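**Student:** Structure in structure tokens, see below.
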Amino acid sequence: MRFVKPKNALEGLSKQPPALNEAMEEAIVTCDKCKKTLAADEQENELYVCPYCRRHFRINARQRIDMISDAETFIEFDEDLAPVNILGFPGYEDKLRSARLQSAERDCVVCGKCEIEGHKTAIFVMEPGFMMGSMGAVAGEKITRTFERALADGMPVVGYAVSGGARMQEGIVSLMQMAKTSGAVKRHSDAGNLFICVLTDPTTGGVTASFAMEADIILAEPYALIGFAGPRVIEQTIRKKLPAGFQRAEFMLEHGFIDNVVDRKRQKKYLSQLLRIHSGTHRKEEP
Amino acid sequence: MTAYETVAAARAKGRPTALDLINGIFSDFMEMHGDRRFADDKAVVTGVAYLGSLPVTVVGIEKGHSIKERTTRNFGSVHPEGYRKALRQMLLAEKFGRPVVCLVDTAGAYCGIGAEERGQGQAIAENLMEMMTLKTPVISVIIGEGGSGGALALAVADEVWMLENSIYSVISPEGCASILWKDAAKAQEASECLKLTAGDLLQLKIIEKVIPESESLAENLRTELISAVGVLCDMEKDELVEKRYSRFRAIGAY
Numbered sequence: 001m002r003f004v005k006p007k008n009a010l011e012g013l014s015k016q017p018p019a020l021n022e023a024m025e026e027a028i029v030t031c032d033k034c035k036k037t038l039a040a041d042e043q044e045n046e047l048y049v050c051p052y053c054r055r056h057f058r059i060n061a062r063q064r065i066d067m068i069s070d071a072e073t074f075i076e077f078d079e080d081l082a083p084v085n086i087l088g089f090p091g092y093e094d095k096l097r098s099a100r101l102q103s104a105e106r107d108c109v110v111c112g113k114c115e116i117e118g119h120k121t122a123i124f125v126m127e128p129g130f131m132m133g134s135m136g137a138v139a140g141e142k143i144t145r146t147f148e149r150a151l152a153d154g155m156p157v158v159g160y161a162v163s164g165g166a167r168m169q170e171g172i173v174s175l176m177q178m179a180k181t182s183g184a185v186k187r188h189s190d191a192g193n194l195f196i197c198v199l200t201d202p203t204t205g206g207v208t209a210s211f212a213m214e215a216d217i218i219l220a221e222p223y224a225l226i227g228f229a230g231p232r233v234i235e236q237t238i239r240k241k242l243p244a245g246f247q248r249a250e251f252m253l254e255h256g257f258i259d260n261v262v263d264r265k266r267q268k269k270y271l272s273q274l275l276r277i278h279s280g281t282h283r284k285e286e287p
Numbered sequence: 288m289t290a291y292e293t294v295a296a297a298r299a300k301g302r303p304t305a306l307d308l309i310n311g312i313f314s315d316f317m318e319m320h321g322d323r324r325f326a327d328d329k330a331v332v333t334g335v336a337y338l339g340s341l342p343v344t345v346v347g348i349e350k351g352h353s354i355k356e357r358t359t360r361n362f363g364s365v366h367p368e369g370y371r372k373a374l375r376q377m378l379l380a381e382k383f384g385r386p387v388v389c390l391v392d393t394a395g396a397y398c399g400i401g402a403e404e405r406g407q408g409q410a411i412a413e414n415l416m417e418m419m420t421l422k423t424p425v426i427s428v429i430i431g432e433g434g435s436g437g438a439l440a441l442a443v444a445d446e447v448w449m450l451e452n453s454i455y456s457v458i459s460p461e462g463c464a465s466i467l468w469k470d471a472a473k474a475q476e477a478s479e480c481l482k483l484t485a486g487d488l489l490q491l492k493i494i495e496k497v498i499p500e501s502e503s504l505a506e507n508l509r510t511e512l513i514s515a516v517g518v519l520c521d522m523e524k525d526e527l528v529e530k531r532y533s534r535f536r537a538i539g540a541y
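Right, dumping it as structure tokens:
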């Protein structure tokens, strides 16, 4: 993709009357890392990556599926599974309602199969707009089914993780999803199938401590927060400020817990190359 | 007893720790140290012992009694090397055909700089994956606090039991209250909502058994373990692993 330097939407707007402020706010976005602004309508061209500092903004599951799958190859599974208030947790129904409105999804993961540059792949993509990707019974069940289906069909799995951790409102049932998904990953793996997981900002808690860290190949988006405990909890526990860059993708790479940091723009190509080299077929021509 | 009173009882000083129970339940316990990668995490006690006449592998999270012991044991908060040490012993158990008994008592996996640098999430994840297909019987008993992923990392088992006054939860009631209601003082309310007592979890079919806390706790546990391990040892290995998968597969299934 051609690099397009976005126009600074604030240029020429500074003398506008204050009445335009609201419209201005909608027309521009400010990068939370470098604080520079860019035009909202140019974000899509940039795949929601800050052109100045390469900060990768959060995007929703459907956008990711569009970015990595070949056109019109995605077939969704289990889209009807919707969460229930298993423990009768107060306020959970309201939270679910607003999460559903905010994300237009029934829960925090979209699963299915697709082709990535022609490679048939099972995929699951987590949705940050739905309770920040917190894993409850629906996510656990859908991800488990994704691995079970991929095992039956001998297909690789590509997963995109984004999660604040387990879903508190489902209590112990959400905790058990860590074991359940891990079991499904293990079976898929023991049969010789490939699992690639891409960790995006943020991947923490129960998701980090289960399938996200169980992949054969673990990739991450630049600067994504990846860890078990969240930085605030750690700071409260040790009563110290954490060093800059702690738990970021680059830190995880340095400490040996991920295979590579891959820009969003390179991901489709990168994934398809990995899928090809694991597909068991020889390269057509000598290099 | 309210849920919050159970939380207090599960955390109470003077409660039998893993080592107390290990000494009461098993004979000839020989402790084995270290994860062969980084260090020996003293929050986790592992080794071999006899359960009645049967050789077993024992893994326990130890909190300690005195302040000095508790500091040495990091108050039962496990680092990644502790989970890796436990896994090493469990893989040896599989190799030598010994059943595994885990005694779980932790407020949670330790959160700190070193724990993150050494892959706390990865260590827990690896245990979940490996325990799921471990070809030897595994029984885990929550003996005090069963704190989230840090407890689950030693509780992917064929049967999970809880002592009468123990708790098992995805998050501490204080943590839950402060995140949901921005008020850690609402921990009592959160304790009720989280359904973390042994009775609740038996009803939700998360655990198989509640062990009453009587004077003869260790003896009772020995009797119960001998009988349950005996049944599991009679099963074919593949059947055992299949059943363990189904056990967790059924939780929150649609």
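Top line first, the protein sequences correspond to chains A and B. Mapping of the first sequence onto the numbering used here: residues 1 to 287, in sequence order. Mapping of the second sequence onto the numbering used here: residues 288 to 541, in sequence order. Glycine is no exception: its CB is placed at the ideal position from the N, C-alpha and C atoms. Fair warning: this is a prediction, and the values are worked out from it, not measured in the lab.
Count the C-beta pairs between the region 505-517 of chain B and the region 308-318 of chain B that are closer than 8 Å, then say yes if the count reaches three, no if not.
**Tutor:** Yes: at least three Cβ pairs fall under 8 Å.
**Student:** How would you write the range of the beta strand (DSSP E) that Glu318 of chain B sits in, first residue to last?
**Tutor:** Position 31 of the second sequence holds residue 318 of chain B. Residues Ser314 to Met319.
**Student:** Would DSSP call Asn85 of chain A helix, strand or coil?
**Tutor:** Walking along the first sequence from the start, residue 85 of chain A turns up at place 85. Three-state result, Asn85 of chain A: coil.
**Student:** Taking just the CA atoms, how far does Gln409 of chain B sit from Ala220 of chain A?
**Tutor:** In the first sequence, counting from the first residue as 1, residue 220 of chain A sits at position 220. In the second sequence, counting from the first residue as 1, residue 409 of chain B sits at position 122. If I take the Cα positions, the gap works out to 15 Å.
**Student:** Does the Cβ-Cβ distance between Val29 of chain A and Ala40 of chain A come in under 7 Å?
**Tutor:** Position 29 of the first sequence, counted from the start, is the residue given in the question as residue 29 of chain A. Position 40 of the first sequence, counted from the start, is the residue given in the question as residue 40 of chain A. Yes, Cβ-Cβ distance for Val29 of chain A and Ala40 of chain A is below 7 Å.
**Student:** Look at Val457 of chain B and Ala166 of chain A and say whether their C-beta atoms are less than 7 Å apart.
**Tutor:** Here residue 457 of chain B refers to the residue found at position 170 of the second sequence. Here residue 166 of chain A refers to the residue found at position 166 of the first sequence. Cβ distance < 7 Å, so Val457 of chain B and Ala166 of chain A count as in contact.
**Student:** Could you confirm whether any beta carbon from chain B is found closer than 7 Å to the beta carbon of Phe147 of chain A?
**Tutor:** Taking the first sequence and counting its residues from 1, one reaches residue 147 of chain A at position 147. Judged by the 7 Å Cβ criterion, Phe147 of chain A is not in contact with chain B.
**Student:** With 7 Å as the threshold, decide whether the Cβ of Arg554 of chain B is near any Cβ in chain A.
**Tutor:** No answer is possible for residue 554 of chain B: the residues shown for chain B start at 288 and end at 541.
**Student:** With distance defined between alpha-carbon atoms, name the residue in B:His366, B:Asn452 and B:Val528 nearest to Val497 of chain B.
**Tutor:** For the purposes of this step, residue 497 of chain B is taken as residue 210 along the second sequence, with counting starting at 1. The option with the nearest alpha carbon to Val497 of chain B is B:Asn452.
**Student:** Taking 7 Å as the CB-CB cut-off, is Gly12 of chain A touching chain B?
**Tutor:** As a position in the first sequence, residue 12 of chain A is number 12, starting the count at 1. Note on Gly12 of chain A: pLDDT 41, under 50, position unreliable in the model; the coordinate value appears next. No, because no Cβ of chain B sits closer than 7 Å to the Cβ of Gly12 of chain A.
**Student:** Go to Leu151 of chain A, then tell me how far its alpha helix (DSSP H) extends in each direction, as first and last residue.
**Tutor:** The count along the first sequence starts at 1 and reaches residue 151 of chain A at position 151. Residues Ala137 to Asp153.
**Student:** Is it right to say Thr203 of chain A is buried, meaning 16 or more other beta carbons lie within 10 angstroms of its own, or is it exposed?
**Tutor:** For the purposes of this step, residue 203 of chain A is identified with residue 203 of the first sequence, where counting begins at 1. Counting Cβ neighbours within 10 Å, Thr203 of chain A comes out buried, since at least 16 surround it.
**Student:** Looking at C-alpha atoms only, which residue of B:Arg360, B:Lys300 and B:Glu368 is the closest neighbour of Ala440 of chain B?
**Tutor:** Position 153 of the second sequence holds residue 440 of chain B. Of B:Arg360, B:Lys300 and B:Glu368, the residue nearest in Cα terms is B:Glu368.
**Student:** Measure the C-alpha to C-alpha separation of Ser364 of chain B and Asn414 of chain B and round it to an integer number of angstroms.
**Tutor:** In the second sequence, the residue the question calls residue 364 of chain B occupies position 77. In the second sequence, the residue the question calls residue 414 of chain B occupies position 127. Their backbone Cα atoms lie some 16 Å apart in a straight line.
**Student:** What residue does the alpha helix (DSSP H) around Phe251 of chain A start on, and which one ends it?
**Tutor:** Reading the first sequence from its first residue, position 251 is the one you call residue 251 of chain A. Where Phe251 of chain A is concerned, the enclosing alpha helix (DSSP H) stretches over Ala249 to Glu254.
**Student:** Can you name, in chain order, every residue of its own chain whose Cβ lies under 8 Å from the Cβ of Asn193 of chain A, other than the five neighbours on each side?
**Tutor:** On the first sequence, position 193 is the one that residue 193 of chain A refers to. So the list reads Ala150, Leu151, Gly154, Met155, Pro156 and Val157, once near-sequence residues are dropped.
**Student:** Of all the CB atoms in chain B, is at least one closer than 7 Å to the CB of Leu96 of chain A?
**Tutor:** Locating residue 96 of chain A in the first sequence gives position 96, where the first residue counts as 1. Answer no: the Cβ-Cβ gap between Leu96 of chain A and chain B never drops below 7 Å.
**Student:** Taking C-beta pairs closer than 7 Å, name the residues in chain B that Ser134 of chain A reaches, listed in chain order.
**Tutor:** In the first sequence, residue 134 of chain A corresponds to position 134, counting from 1. Within chain B, no residue comes near Ser134 of chain A; the closest Cβ sits about 10 Å away, beyond 7 Å.
**Student:** For Phe57 of chain A, which of helix, strand or coil comes out of DSSP?
**Tutor:** The residue labelled residue 57 of chain A in the question sits at position 57 within the first sequence. In the structure shown, Phe57 of chain A sits in coil (DSSP, three-state: anything other than H, G, I, E or B).
**Student:** Would you check if the distance between the CB atom of Met419 of chain B and the CB atom of Ser189 of chain A is smaller than 7 Å?
**Tutor:** As a working mapping, residue 419 of chain B is identified with position 132 in the second sequence. As a working mapping, residue 189 of chain A is identified with position 189 in the first sequence. Their beta carbons are not under 7 Å apart, which means Met419 of chain B does not touch Ser189 of chain A by this criterion.
**Student:** Among residues of its own chain, excluding the 5 on either side of Thr484 of chain B, which ones have a beta-carbon nearer than 6 Å to its beta-carbon?
**Tutor:** Counted from its first residue, the second sequence places residue 484 of chain B at position 197. Here the set comprises Ala290 and Thr293.
**Student:** Using a Cβ cut-off of 7 Å, which residues of the region 433-455 of chain B contact any Cβ in chain C, in chain order?
**Tutor:** Absent from the structure: chain C. Protein chains present are A and B.
**Student:** Within 7 Å of any Cβ in chain A, is that where the Cβ of Gly369 of chain B sits?
**Tutor:** Against the second sequence, residue 369 of chain B aligns to sequence position 82. No, no contact with chain A.
**Student:** Measure the Cβ-Cβ separation of Ile354 of chain B and Ala305 of chain B and say whether it is below 7 Å.
**Tutor:** Your numbering for residue 354 of chain B matches position 67 in the second sequence. Your numbering for residue 305 of chain B matches position 18 in the second sequence. For Ile354 of chain B and Ala305 of chain B, no; Cβs fall outside 7 Å.
**Student:** Which same chain residues end up closer than 8 Å to Phe77 of chain A when comparing Cβ atoms and leaving out the 5 residues on each side of it in sequence?
**Tutor:** Within the first sequence, the letter at position 77 stands for residue 77 of chain A. Within the same chain, Phe77 of chain A has close Cβ partners Cys111, Gly112, Lys113, Lys142, Arg145, Thr146 and Arg149.
**Student:** Contact defined as beta carbons within less than 8 Å: I believe Ala137 of chain A pairs with Gln169 of chain A. What is the distance between those atoms, to the nearest angstrom?
**Tutor:** In the first sequence, the residue the question calls residue 137 of chain A occupies position 137. In the first sequence, the residue the question calls residue 169 of chain A occupies position 169. Incorrect: roughly 11 Å between the Cβ atoms, too far for contact.
**Student:** Between A:Pro51, A:Ile116 and A:Asn60, which lies nearest to Cys31 of chain A when the distance is taken from Cα to Cα?
**Tutor:** Position 31 of the first sequence holds residue 31 of chain A. When only C-alpha atoms are compared, the closest one is A:Pro51.
**Student:** Tell me the DSSP bridge mates of Pro202 of chain A?
**Tutor:** Position 202 of the first sequence, counted from the start, is the residue given in the question as residue 202 of chain A. The partner list for Pro202 of chain A (beta bridge, DSSP) is empty, contrary to what the question assumes.
**Student:** For Gly227 of chain A, go through chain B and note every residue whose CB falls closer than 7 Å to its CB, in chain order.
**Tutor:** Position 227 of the first sequence, counting from 1, holds the residue named residue 227 of chain A. Those are Glu403 and Gly408, listed as they occur along chain B.
**Student:** When you compare only the Cα positions, how much space is there between Asp445 of chain B and Val207 of chain A?
**Tutor:** Taking the first residue of the second sequence as position 1, residue 445 of chain B is located at position 158. Taking the first residue of the first sequence as position 1, residue 207 of chain A is located at position 207. For Asp445 of chain B and Val207 of chain A, the distance between alpha carbons rounds to 23 Å.
**Student:** Taking a cut of 7 Å between CB atoms, which residues from the region 228-241 of chain A lie near chain B?
**Tutor:** So the close ones are Phe228, Ala229, Val233, Ile234, Thr237 and Ile238.
**Student:** Please confirm if Leu38 of chain A has its CB atom under 7 Å from at least one CB of chain B.
**Tutor:** Your numbering for residue 38 of chain A matches position 38 in the first sequence. Chain B contact via Cβ: absent.
**Student:** What separation, rounded to the nearest whole angstrom, lies between the Cα atoms of Leu10 of chain A and Pro222 of chain A?
**Tutor:** Indexing the first sequence from 1 puts residue 10 of chain A at position 10. Indexing the first sequence from 1 puts residue 222 of chain A at position 222. Here Leu10 of chain A scores only 46 on pLDDT, less than 50, and its place in the model should not be relied on; the value that follows carries that caveat. When rounded, the distance between both Cα atoms is 27 Å.
**Student:** What in chain A is Cβ-close to Cys463 of chain B, meaning under 8 Å?
**Tutor:** Translated into positions along the second sequence, residue 463 of chain B becomes position 176. Correct list: Met168.
**Student:** So if I threshold CB-CB distances at 7 Å, which residues from the region 409-432 of chain B count as touching chain A?
**Tutor:** Result list: Gln409, Ile411, Ala412, Leu415, Met416, Met419 and Thr420.
**Student:** For the alpha helix (DSSP H) holding Leu415 of chain B, just list the boundary residues, first then last.
**Tutor:** Taking the second sequence and counting its residues from 1, one reaches residue 415 of chain B at position 128. Residues Gln407 to Met419.
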